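There are 6 protein chains.
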Amino acid sequence: MKIKVINPNTYLAMTKSIDIIAKKCARPGTEIMCISPERGPITIEDNYDEALATIGAIEEVKKGMQENFDGYVIACFRDAGLYACRELTEVPVIGMAEASFFLACMLGHKYSIISILDRFKSSMEELLKKYGLDSRCASIRCTNVPVADFERDRAKGEAALIETGQKAIEQDGAEVLCLGCDGMVGFDQVMERTLHVPVIDPVVAAVKMAEAVIETGKKTSKIMTFKSPEKKEIVGYSSIFQI
Amino acid sequence: MKIKVINPNTYLAMTKSIDIIAKKCARPGTEIMCISPERGPITIEDNYDEALATIGAIEEVKKGMQENFDGYVIACFRDAGLYACRELTEVPVIGMAEASFFLACMLGHKYSIISILDRFKSSMEELLKKYGLDSRCASIRCTNVPVADFERDRAKGEAALIETGQKAIEQDGAEVLCLGCDGMVGFDQVMERTLHVPVIDPVVAAVKMAEAVIETGKKTSKIMTFKSPEKKEIVGYSSIFQI
Amino acid sequence: MKIKVINPNTYLAMTKSIDIIAKKCARPGTEIMCISPERGPITIEDNYDEALATIGAIEEVKKGMQENFDGYVIACFRDAGLYACRELTEVPVIGMAEASFFLACMLGHKYSIISILDRFKSSMEELLKKYGLDSRCASIRCTNVPVADFERDRAKGEAALIETGQKAIEQDGAEVLCLGCDGMVGFDQVMERTLHVPVIDPVVAAVKMAEAVIETGKKTSKIMTFKSPEKKEIVGYSSIFQI
Amino acid sequence: MKIKVINPNTYLAMTKSIDIIAKKCARPGTEIMCISPERGPITIEDNYDEALATIGAIEEVKKGMQENFDGYVIACFRDAGLYACRELTEVPVIGMAEASFFLACMLGHKYSIISILDRFKSSMEELLKKYGLDSRCASIRCTNVPVADFERDRAKGEAALIETGQKAIEQDGAEVLCLGCDGMVGFDQVMERTLHVPVIDPVVAAVKMAEAVIETGKKTSKIMTFKSPEKKEIVGYSSIFQI
Amino acid sequence: MKIKVINPNTYLAMTKSIDIIAKKCARPGTEIMCISPERGPITIEDNYDEALATIGAIEEVKKGMQENFDGYVIACFRDAGLYACRELTEVPVIGMAEASFFLACMLGHKYSIISILDRFKSSMEELLKKYGLDSRCASIRCTNVPVADFERDRAKGEAALIETGQKAIEQDGAEVLCLGCDGMVGFDQVMERTLHVPVIDPVVAAVKMAEAVIETGKKTSKIMTFKSPEKKEIVGYSSIFQI
Amino acid sequence: MKIKVINPNTYLAMTKSIDIIAKKCARPGTEIMCISPERGPITIEDNYDEALATIGAIEEVKKGMQENFDGYVIACFRDAGLYACRELTEVPVIGMAEASFFLACMLGHKYSIISILDRFKSSMEELLKKYGLDSRCASIRCTNVPVADFERDRAKGEAALIETGQKAIEQDGAEVLCLGCDGMVGFDQVMERTLHVPVIDPVVAAVKMAEAVIETGKKTSKIMTFKSPEKKEIVGYSSIFQI
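Chains as they are written, first to last, in this note's numbering: chain B, 98 to 340; chain A, 98 to 340; chain Y, 98 to 340; chain X, 98 to 340; chain P, 98 to 340; chain H, 98 to 340.
#1: Residues of the segment 180-204 of chain H in Cβ contact with chain P at a cutoff of 9 Å, in chain order, please.
#2: Across which residues does DSSP place Val-170 (chain A) in a beta bridge pair?
#3: If we ignore side chains and look at the alpha-carbon of each, how far apart do Glu-277 (chain X) and Ala-201 (chain X) end up?
#4: List the DSSP bridge partners of Ile-129 (chain P).
#5: What do you reckon, are the CB atoms on Ile-311 (chain B) and Gly-168 (chain B) nearer than 7 Å?
#6: For the segment 258-282 of chain X, list every residue whose C-beta sits within 7 Å of some C-beta in chain H, in sequence order.
#7: Check whether the Cβ atoms of Arg-238 (chain A) and Ser-197 (chain A) sit closer than 7 Å, and answer yes or no.
#8: First and last residue of the beta strand (DSSP E) that includes Tyr-48 (chain P)?
#9: Compile a chain-ordered list of the residues in the segment 305-320 of chain H whose CB is closer than 8 Å to at least one CB of chain B.
#10: Determine whether the beta carbon atoms of Glu-184 (chain X) and Ile-103 (chain X) lie at a separation below 7 Å.
#11: In three-state DSSP terms, what is Val-273 (chain H)?
#12: Kindly examine the ligand MN and report whether one of its heavy atoms sits closer than 6 Å to the Cβ of Pro-243 (chain X).
#13: Between which two residues does the alpha helix (DSSP H) carrying Cys-182 (chain H) extend?
#14: Under 7 Å Cβ-Cβ, which residues of chain H neighbour His-206 (chain X)?
#15: Of all Cβ atoms in chain B, is any one closer than 7 Å to the Cβ of Thr-151 (chain H)?
#16: Taking 8 Å as the cut-off, does the segment 280-287 of chain Y touch the segment 170-179 of chain A (at least 3 CB pairs, one atom from each stretch)?
#17: For chain P, find out if any of its Cβ atoms is closer than 7 Å to the Cβ of Thr-322 (chain X); answer yes or no.
#18: Kindly confirm or deny that the segment 322-339 of chain H and the segment 211-226 of chain H touch, where touching means at least three C-beta pairs closer than 8 Å.
#19: In the DSSP assignment, what are the bridge partners of Ser-236 (chain H)?
#20: Compare the Cα-Cα distances from Pro-299 (chain Y) to each of Y:Lys-113, Y:Ile-118 and Y:Tyr-108 and report the closest residue.
#21: DSSP three-state call for Pro-299 (chain H): helix, strand or coil?
#22: Within its chain, find whatever has a CB closer than 7 Å to the CB of Cys-182 (chain Y); leave out the 5 residues flanking it on each side and keep chain order.
#23: For Ala-235 (chain A) and Glu-142 (chain A), I'd like the C-alpha separation in whole angstroms.
#24: Could you tell me if Asn-106 (chain Y) is buried or exposed, where buried requires 16 or more neighbouring beta carbons within 10 angstroms of its beta carbon?
#25: Rounded to the nearest angstrom, what separates Tyr-180 (chain Y) and Arg-233 (chain X) at their Cα positions?
#26: DSSP on Val-282 (chain H), reduced to helix/strand/coil?
#27: Kindly indicate which residue of A:Lys-101, A:His-206, A:Leu-204 and A:Gly-192 has the alpha-carbon position closest to the one of Leu-204 (chain Y).
#28: Rounded to a whole number of angstroms, what is the C-alpha to C-alpha distance between Asn-165 (chain A) and Val-296 (chain A)?
#29: For the alpha helix (DSSP H) containing Arg-249 (chain B), list its first residue and its last residue.
#30: Using DSSP with H/G/I as helix, E/B as strand and the rest coil, what is Gly-229 (chain X)?
#31: Can you tell me which residues form a DSSP beta bridge with Pro-138 (chain Y)?
#32: Should Gly-229 (chain P) be labelled buried (16 or more other beta-carbon atoms within 10 Å of its own) or exposed?
#33: Need the endpoints of the alpha helix (DSSP H) that Ser-114 (chain A) sits in, please.
#34: Relative to chain P, which residues along the segment 125-149 of chain H have a C-beta separation below 8 Å, given in chain order?
#35: Which residues in chain P sit within 9 Å of Arg-233 (chain X), going by Cβ to Cβ distance?
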């Protein structure tokens, strides 16, 4: 089984971390290829970044279609471009956020999302409503530590994550925590040791869900929302974007 | 007052029609500039098209920021790129869909959306949930007449719109109809004569709402969802996309 | 364009303030006539007051029907009598609360209502549910300063409004504030200078929305909820209330 | 126990029918006084009627406060004036609609409301949302037989009720039917014989709920929504309406 | 009228207390028989306990069917086995929780549930959603005092209940409090004296609602959710469980 | 990895079919043990059956705890006993219904449940609300073919499933179909060939989700909803049910 893991931002150090985690959690028979697009913002922190990054995600799925992947993971907690990418191919395309939510729902009744900046909240709420999953979400709590700092100063990142997770548990009733950013990858186990609740690494969630969906042999439904894009004239985009 | 009306697709005949309607409904003191981006799909019919068109909408707001517009209208019934564009500028940016919904809510208790293809339904539902307006929407009904046909064969378009509107009124309880596509622009009055309910032209709705919001003198809130995009490295996009 | 602004309470000093704001924000071509009914409570603070005030609002629309108004504004944040008044006439009737909510939704993703007494909360919630707008409302916060005090001691009123608005922003995630009482009219700009978010004056919102709706030329839908009242015997009310 | 049953319309034949049913279903120790207000519309079929009838209902509770009633029933399926009346007194005030919904919920999982005119639907939906009971309601179906006809031509009324009820059961999944109008009083048993589901007479529901609530000895909560109306100047209303 | 009150746990002291309250609040003509099943957990504090207790509740309804009861009360605030028991008999079966919620809704606009352990919250939320009553519930607050302690140390229990109720009123907007456990029976009046809001004793609520429903003469709807259980082979259960 | 698949009914032919499918879809390293409890109804078609079957499911998890399973599957589309079983063990316990819903959500935007008898609808709705997944469910449609008939007359079963699925697709907008009963196991591929949408076999969904969750190494959250059952006296149950 070949899975292409698309980190839609262009932060290559983060792509490297995702690659390591993805390969570590994948099963022996699963081949992981983890990449960043050639174009896009270095991190995805607002609707503007997401719009630019979506084009990159699309381009990578388009490229992947020549390479016979069995499935794709969108490794961004906004699931940037997920619905557009699902239109392009019939093999499963799994978003990191949706996969985390589903996994969390099988481990506890209520989960909280640990996010970065306060401005992420409305995007997270929008995603939860789009997926119809808002009622299981106890809260969205933000560390307000910049993404890059998790890499630069792990002790600071760890402290912020534990403090934020603690509040979600004590004040909001969270039973499971979802790490809402690839920058937080690798902190799940240290948090679990202190907080005593399952902490979901979104890369792990997405890879395991992708493996499961691919193994069922089912393909994306092509009759309605995810029908192939309508054929039409597209101007100002390179040939790979033509339908 | 100067309003830039952005038709995010690249169908110039449609942009021309929008321009005519927008100028006709605008007040004497309102200057309308209606354009299409240089890049993008010729119509917007799926999530893929919307992703590509969003880049064009963003680019046009970016350009507009050098030209001192008092506000923007996104003239696409998916409100493509609306939230990203609101991040870019503090002057009001109004979506054609949201404006139609608000206007409809002031004219009747329940409205229906007359859309094009069945595959649009989930996008419309997503928009209604994002805006928190789903409970006033009686139904989303589709003509399944391709967009281009409304231009080519107006009699056919008119018949399809009236038949679909009739069902929304009789079977779903619609009291107001929202035309859910720029391609349907100009059909509102003929429909009203037959169906005896208000029919909302989305261009008119958006222009009138934009004028109203601009005249209040209020600016987009910049503390949370619509804060300016975070400064960062963006690769593979031209300089206009840099923050 | 002639708009009748009905303040459904009988507090004439407040009607005077509303008149000033309404005329100031109206466009040159808009003629504003702002009145209070002859009957009713001096302020509207509970369901009992609202029931009495509704009769006054109705009477004023009935009178207005002889005077060819192009539209009406109900200048009470409970939108007292709005749905009954819409049944009476086909010209637009706009509620101050609904107009504020719609305007707020075009300026930010989440808004809070700044209200007066805690007992108003359930009425506000009822209104939000009736309009299907509850999911965009971050919170309803009350100053617990009596209405009359805003007139008598503006410094106290200002301090209470700023403190309450601050909490809505910091604790509830409000991006826009709606002033939920005519008594708060005129405080929006001072609040904006301190709080750095748009603050909606409900009179301004209602007048601008009324102008916009009237200019579209659309009339209230008369097929269902807002059909004319059924003809019937009505006893114990003066002739103006007969249908 | 003394219960005042207020039929807020001025249709005395209907008041007489309500009186008979109420007395028949009341327990031996329950004294029923059933009246219509002196003012108001002869039937309540729209928001306009409801506004006028609410004043009558209020006046009758005000009068009742001198007569030591143990509770009140608002015998109108819009629960006209219910929340205002609850503010006036601490003894229980029960609405015919809410009582029917609660009773229906104890007899089946989903109920439908059998209403009169299509225009009632949005009022019924508003009531269900206000009460937070919409998810148990399978449908609101209307006979479109004028209220007066139920009295004049019982065979026609019966046929319309059975046909409408049948559709609610077969197409909407109703397990219980609520008769949504006092005009339908007395048809429950004939409907049950044909339709084999419980059919709720709203007068019976309200009287039995009132007896139950009164016997608990509990009073209406006076700390928030139903605090006594604020003391204030009220002009243009007779002395009984002063607080 | 004969009502069987089933306390589904096996704590006989609690059954005795329930019996006393039920008989005290019942009307002269109502005969109460209050029992515990022969099998089951001594208290019901989790989903596991509830599963075991449900079998006991079923068995007691099955037994009751030979004894011509006019109705049943499930005296457990999880309404353990309510829907299964309703399938077994056509006479009314009333849950203590649903009865409390309905009674609370007639006494105030928002109520809070005073529960025991934090782990009860998700069960309470599940119940509220199942009943479609979540929007009237201001909060679920837990005393975290073990059930048995209410019996052993009434002063401690009283203090915990008053403190928890106070928070529900002040922080959550509760206007009525529902005591969410049979162990709290008998504390309502002392709480009302301090907190000045109605406090619902669930045994009283259930008995009064049962009397009211039974007196209407209506039976449980047998066409859908509560049809009699399908006849089938059942192994490993005694003969009383056979259908 | 060792997974115990518990079919909570006592229909051994069905258990055999589940065993075959489960083993066929499991990965090489997964050891499946599929059993029925010793006690319980032969099929689960109502709340009564579910209550009895829950005890059997619990007993089998209790037994499994001595045998070092890595996870459990509850192979009943009501997820009978799921929450109680999760309290008992910290290894993952996966319900067939929840697993189907999550898988369906990754293959299409809206899914329908193909169920058996109309009376199942309210139980399905209850489950969807409990899981907070109702907004993705397009409809619940029932074949009204008895469970046993799917085994006895496969051609009839196939025809009923295809007809019901077709309606869900055409009338309700389903993009994915979930087979809502173990009796329908093995029909997914024949349905897919005719209907051209993914059809989810619930046994496959549950086994693949269980494998995925187990491989993440995460355990059920034990701080709140799924804490171990409280220790207490339990009478009338055999020793295996003691905590």
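Positions of the beta carbon are idealized from the N, C-alpha and C atoms, including for glycine.
Being a predicted model, the structure only gives us computed values, none of them experimental.
Answer, in terms of the structure:
#1: Tyr-180, Ala-181, Cys-182, Arg-183, Glu-184 and Leu-185
#2: As a first step, residue 170 (chain A) must be located in the second sequence, where it is residue number 73. For Val-170 (chain A), which the question treats as bridged, DSSP gives the partners A:Val-102 and A:Ile-191.
#3: Translated into the one-based positions of the fourth sequence, residue 277 (chain X) becomes position 180. Translated into the one-based positions of the fourth sequence, residue 201 (chain X) becomes position 104. It should be noted that the sequence gives Gly, not Glu, for residue 277 (chain X). Distance between the alpha carbons of Gly-277 (chain X) and Ala-201 (chain X): 12 Å.
#4: Position 32 of the fifth sequence, counted from the first residue, corresponds to residue 129 (chain P). Paired residue(s): P:Ile-100.
#5: In the first sequence, residue 311 (chain B) corresponds to position 214, counting from 1. In the first sequence, residue 168 (chain B) corresponds to position 71, counting from 1. Against a cut-off of 7 Å, the Cβ pair of Gly-168 (chain B) and Ile-311 (chain B) comes out as a contact.
#6: Gly-270
#7: For the purposes of this step, residue 238 (chain A) is taken as residue 141 along the second sequence, with counting starting at 1. For the purposes of this step, residue 197 (chain A) is taken as residue 100 along the second sequence, with counting starting at 1. No. Outside cutoff.
#8: Summary: the structure shown does not reach residue 48 (chain P), with chain P confined to residues 98 through 340, and so no result is reported for it.
#9: Lys-305, Met-306, Glu-308, Ala-309, Val-310, Glu-312, Thr-313, Lys-315, Lys-316, Thr-317, Ser-318, Lys-319 and Ile-320
#10: In the fourth sequence, the residue the question calls residue 184 (chain X) occupies position 87. In the fourth sequence, the residue the question calls residue 103 (chain X) occupies position 6. No; because the gap between Cβ atoms is not below 7 Å, this pair is not in contact.
#11: Here residue 273 (chain H) refers to the residue found at position 176 when the sixth sequence is read from its first residue. Of the three classes helix, strand and coil, the one that applies to Val-273 (chain H) here is strand, per DSSP.
#12: Summarising the ligand content, the structure contains no ligands, and the ligand MN is consequently not present.
#13: The residue you call residue 182 (chain H) lines up with position 85 of the sixth sequence. First-last of the alpha helix (DSSP H) with Cys-182 (chain H): 179-185.
#14: Position 109 of the fourth sequence, counted from the first residue, corresponds to residue 206 (chain X). The answer, in chain order, is Ser-219.
#15: On the sixth sequence, residue 151 (chain H) is found 54 positions in, with the first residue counted as 1. For Thr-151 (chain H), the answer is no, since every Cβ of chain B falls outside 7 Å of its Cβ.
#16: no
#17: As a working note, residue 322 (chain X) is residue 225 in the fourth sequence. So, interface residue.
#18: no
#19: On the sixth sequence, residue 236 (chain H) is found 139 positions in, with the first residue counted as 1. H:Ser-209, per the DSSP bridge assignment.
#20: Indexing the third sequence from 1 puts residue 299 (chain Y) at position 202. That would be Y:Ile-118, whose Cα lies nearest to the Cα of Pro-299 (chain Y).
#21: Reading the sixth sequence from its first residue, position 202 is the one you call residue 299 (chain H). Helix.
#22: As a working note, residue 182 (chain Y) is residue 85 in the third sequence. Ala-154, Ile-155, Val-158, Tyr-169, Ile-171 and Val-190, listed in sequence order.
#23: Along the second sequence, one-based indexing puts residue 235 (chain A) at 138. Along the second sequence, one-based indexing puts residue 142 (chain A) at 45. So the alpha carbons of these two residues sit roughly 22 Å apart.
#24: Position 9 of the third sequence, counting from 1, holds the residue named residue 106 (chain Y). Buried: at least 16 other Cβ atoms inside 10 Å.
#25: Walking along the third sequence from the start, residue 180 (chain Y) turns up at place 83. Walking along the fourth sequence from the start, residue 233 (chain X) turns up at place 136. Whole-angstrom Cα-Cα distance: 26 Å.
#26: Looking up residue 282 (chain H) in the sixth sequence gives position 185. In this structure, Val-282 (chain H) counts as coil in the three-state DSSP scheme.
#27: Taking the first residue of the third sequence as position 1, residue 204 (chain Y) is located at position 107. Looking at the Cα atoms, A:Gly-192 is the closest of the given residues.
#28: Here residue 165 (chain A) corresponds to residue number 68 of the second sequence, with the count starting at 1. Here residue 296 (chain A) corresponds to residue number 199 of the second sequence, with the count starting at 1. Their backbone Cα atoms lie some 33 Å apart in a straight line.
#29: Working through the first sequence from its first residue, we reach residue 249 (chain B) at position 152. Run containing Arg-249 (chain B): 244-249, per the alpha helix (DSSP H) assignment.
#30: In the fourth sequence, residue 229 (chain X) corresponds to position 132, counting from 1. Three-state result, Gly-229 (chain X): coil.
#31: Position 41 of the third sequence, counted from the first residue, corresponds to residue 138 (chain Y). DSSP output for Pro-138 (chain Y) lists X:Ile-331 as bridge partner(s).
#32: Against the fifth sequence, residue 229 (chain P) aligns to sequence position 132. So Gly-229 (chain P) ends up on the buried side.
#33: Residue numbering aside, residue 114 (chain A) sits at position 17 when the second sequence is read from its first letter. Note, Ser-114 (chain A): alpha helix (DSSP H), 109-122.
#34: Pro-134, Glu-135, Arg-136, Gly-137, Pro-138, Ile-139, Thr-140, Glu-142, Asp-143, Asn-144, Tyr-145, Asp-146, Glu-147, Ala-148 and Leu-149
#35: Position 136 of the fourth sequence holds residue 233 (chain X). Going along chain P in sequence order, the residues near Arg-233 (chain X) (Cβ under 9 Å) are Tyr-228, Gly-229 and Leu-230.
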